[in-house]
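K.L.:
One structure is given below, represented as C-alpha cells, and several questions about it will come after.
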Amino acid sequence: MLSIDWRSLAAYRHTHSIPAAGFAWDYLRRDDDYHRDFQKIRRMRKPAAQSLSVVSQRWGLRFPVRSEHSAGS
Numbered sequence: 001m002l003s004i005d006w007r008s009l010a011a012y013r014h015t016h017s018i019p020a021a022g023f024a025w026d027y028l029r030r031d032d033d034y035h036r037d038f039q040k041i042r043r044m045r046k047p048a049a050q051s052l053s054v055v056s057q058r059w060g061l062r063f064p065v066r067s068e069h070s071a072g073s
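Taking full-length UniProt numbering, I'd label the letters of the sequence shown as residues 1 to 73.
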C-alpha cells in the first residue's frame, strides 16, 4: 500500500487536472487486493483470456489487444 497522507491537500492537488480514468487509477493503485491480482496476471507469460476476463470484471479494467508482433516489442 502506498504511504500518502490522505489528509494533505498537497498530496491531491494533481487530481484537479486529471481525467476521470486517471482519477480512478489514483485510487485503484492503492488497493492491496488489486496489487495481488495484478501480480498474478503479470507473472503469467501469456495470461489466458479467462484470467484476464476475471480481473477485468473485478476491477473494471480493459486490456488492449496487441498483435503478436507488437507484444514482443
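Don't be surprised by glycine CBs; every beta carbon is placed ideally from N, CA and C.
With H, G and I counted as helix, E and B as strand and the rest as coil, what does DSSP make of I18?
P.N.:
Here the question's residue 18 lines up with position 18 in the sequence shown. Note: I18 maps to coil in three-state DSSP.
K.L.:
With respect to the alpha helix (DSSP H) encompassing K40, which residues constitute its N-terminal and C-terminal limits?
P.N.:
By 1-based counting over the sequence shown, the position of residue 40 is 40. Per DSSP, K40 belongs to the alpha helix (DSSP H) from D32 to R43.
K.L.:
Is it a yes or a no for the segment 34 to 42 touching the segment 53 to 60, going by three-plus beta-carbon pairs under 8 Å?
P.N.:
Short answer: they touch.
K.L.:
By the three-class DSSP mapping on this structure, what secondary structure does L61 have?
P.N.:
The residue you call residue 61 lines up with position 61 of the sequence shown. Reduced to three states, the DSSP call for L61 is coil.
K.L.:
At the level of alpha carbons, what is the spacing between S8 and P19?
P.N.:
For the purposes of this step, residue 8 is taken as residue 8 along the sequence shown, with counting starting at 1. For the purposes of this step, residue 19 is taken as residue 19 along the sequence shown, with counting starting at 1. In a straight line, the C-alpha of S8 is about 21 Å away from that of P19.
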